[in-house]
Structure formats: C-alpha cells, structure tokens
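By our numbering, the letter at position 116 of the sequence shown is numbered 132, and the numbering carries on one by one without gaps. C-beta atoms are modelled at their ideal positions from N, C-alpha and C, and glycine is treated no differently. First comes the structure, then the notes that go with it.
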Amino acid sequence: MTTLLLATTNAGKLREIRDVLAGLDLEVRALSDIPAVAEPEETGRTFEENARAKALYYAGASGLLTVAEDSGLEIDALDGAPGVYSARFGGERAPAYAEKFALLYRMLAERGAPESPARFACALALARPGGVLFEARGTIEGRITSPPRGTGGFGYDPIFFYPPFGCTLAEVPADRKSSVSHRGQAFRQLRTFLERERRR
Ligand code: ITT
Numbered sequence: 017m018t019t020l021l022l023a024t025t026n027a028g029k030l031r032e033i034r035d036v037l038a039g040l041d042l043e044v045r046a047l048s049d050i051p052a053v054a055e056p057e058e059t060g061r062t063f064e065e066n067a068r069a070k071a072l073y074y075a076g077a078s079g080l081l082t083v084a085e086d087s088g089l090e091i092d093a094l095d096g097a098p099g100v101y102s103a104r105f106g107g108e109r110a111p112a113y114a115e116k117f118a119l120l121y122r123m124l125a126e127r128g129a130p131e132s133p134a135r136f137a138c139a140l141a142l143a144r145p146g147g148v149l150f151e152a153r154g155t156i157e158g159r160i161t162s163p164p165r166g167t168g169g170f171g172y173d174p175i176f177f178y179p180p181f182g183c184t185l186a187e188v189p190a191d192r193k194s195s196v197s198h199r200g201q202a203f204r205q206l207r208t209f210l211e212r213e214r215r216r
C-alpha cells in the first residue's frame, strides 16, 4: 500500500487533514511516525510557494509521497496581514493566541475597522522526491469579531466570524468547520485526485 506523509508540525491542521483523508486506500503517516527531520525555513511570499517548498523538502527528506500545506488569515483592513506570517505573527517567540488576538484588535482599532472582512486561505502541494504532482487551494470568507468565542478548532478560529453559521469557526464541531473551511476545500480536492489515481 502507498504511504502518504502528512508533513505538518501543527496538531490542529493534522487532525483536520486526517479527518478529510480518512478511509482512503493509503497508509497515512504523520511527521511523528518517521525519523525526526529538521523543520524547513518558510521563505515564500505566497501560500503556494511555501506549500510547494515544504512538500518537496519533506518528500526529499523522507523518500515518501508527501502532502504539505501553507495557510493563514488575511485581514482586509490590514492589507492582507498576517497572511503567510500568521503562525509567526507577534514575533518569532510565537506568543499565545490570546496575545496575537489582542495585537490584531489594537491594529484594527487604529484603522477604525474592528470587524474587518477577512479570509482563511490554504494552499496544498502533493510531492514525491523531486517533483510536485498536484496542487489545490481553498478559501473561506468571514470577518473579525471581538471578543474571541469558542473552544473548538485552533489558531485564529475564535476571532473568525463566519456569517452563514452566525458564529465563529471555534464554536462549531470539527466536521462542520471542515465542510466549509479553506483546508476542507483544498483537501477534498486532493482526496478526489488520489481516488482517481488509485483507479488508473
Ligand atoms: P506547518 O508549517 O508545520 O504545517 P504552521 O502552523 O507553521 O505548521 P503555517 O506556516 O501554514 O503552518 O501557518 C498557518 C497558521 O495560520 C497557523 O499556525 C494558524 O495561526 C493560522 N491558521 C491556518 N489555518 C487555520 C485555521 O483553520 N484556523 C485558525 N487558524 C488557522
């Protein structure tokens, strides 16, 4: 059976990706299942560039078919920030999300746009050593809300209000988030691609 490496160090992402890919005729492995590999630097200016670089890096290091993704929150009133810097927003010492939220709220207050439209974006890349095989993207549109609400999901979910649900993405069960999320959209495209490949 083909092995697929899910190359992410983010436990929240890993849970969501496993759920979308569940039941495929593949042996799915996480980074914790293979010998330790140093994390690559993320130097790309787009989600796509970073996703490709991560997938190629981990595929090369492991020799396995590998999927990686790069994602983040783009806030309109902040000209798309934090964007590709979402994980590092607030400094490299990676402050807790409560601190990131407080900082974002201050920046949005300064711009007079506390409820700015925003979106999550996710770009994924599937690679084998030396080559990218498939790419996909997903986005979800919402707005920033204060105070943070909900305990589900991860990252910025408690401040991301999704109008069709009337609540934040941290206030819905994981499968409901996934049914509409940027990551859910991108990984369902991957699932379809992998199922098609299996039949060929
Ligand atoms: P890997 O690179 O190892 O996959 P990472 O967390 O460093 O893990 P990214 O560089 O892609 O990954 O950063 C994505 C960040 O964007 C993530 O850490 C969150 O802060 C935010 N983010 C992405 N998707 C999200 C989601 O569904 N809900 C909330 N926040 C999300």
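Per-residue burial, residue i [other beta carbons within 10 Å of its own, 16 or more giving buried]
| i | result |
| --- | --- |
| Arg-199 | buried |
| Thr-184 | buried |
| Gly-169 | buried |
| Ser-87 | buried |
| Ala-186 | buried |
| Thr-82 | buried |
| Ala-141 | buried |
| Glu-13 | Here the chain comprises residues numbered 17 to 216, so residue 13 is not present and cannot be evaluated. |
| Glu-90 | buried |
| Ser-102 | buried |
CB contact flag (residue i, residue j, <8 Å)
| i | j | result |
| --- | --- | --- |
| Ile-175 | Thr-161 | yes |
| Gly-158 | Tyr-172 | no |
| Ala-137 | Asp-92 | no |
| Ala-46 | Leu-22 | yes |
| Glu-64 | Thr-24 | no |
| Arg-127 | Val-100 | no |
| Leu-40 | Leu-210 | yes |
| Glu-151 | Ala-139 | yes |
| Arg-153 | Ala-97 | no |
| Met-123 | Leu-94 | yes |
Reduced DSSP secondary structure (H/G/I, E/B, other) of residue i
| i | result |
| --- | --- |
| Tyr-178 | strand |
| Ala-137 | strand |
| Gly-99 | helix |
| Ala-152 | strand |
| Ile-160 | strand |
| Asp-191 | helix |
| Thr-208 | helix |
| Gly-28 | helix |
| Ala-112 | coil |
| Glu-43 | strand |
| Ala-54 | coil |
| Leu-119 | helix |
| Ala-77 | helix |
Among the options, nearest to residue i - alpha-carbon criterion
| i | options | result |
| --- | --- | --- |
| Glu-32 | Gly-79, Pro-189, Arg-215 and Phe-181 | Pro-189 |
| Thr-59 | Ser-78, Phe-150, Arg-104 and Asn-26 | Arg-104 |
| Val-196 | Glu-108, Ile-50, Pro-98 and Val-36 | Val-36 |
| Gly-146 | Ser-78, Arg-216 and Leu-42 | Ser-78 |
| Pro-56 | Gly-107, Leu-42, Ala-75 and Ala-114 | Ala-75 |
| Leu-42 | Thr-19, Lys-29 and Phe-181 | Thr-19 |
| Arg-34 | Arg-216, Ala-143 and Ser-194 | Ser-194 |
| Ala-143 | Ala-27, Ile-50 and Tyr-73 | Tyr-73 |
| Ala-38 | Pro-163, Arg-204, Gly-166 and Ala-27 | Arg-204 |
beta-carbon residue i near ligand 3 non-hydrogen atom, thresh 7 Å
| i | result |
| --- | --- |
| Thr-82 | As for ligand 3, it is missing from this structure, which binds only ligand 1. |
Quiz item: Looking at C-beta atoms only, is the number of pairs between the stretch 113-125 and the stretch 62-76 that lie closer than 8 Å three or more?
Solution: no
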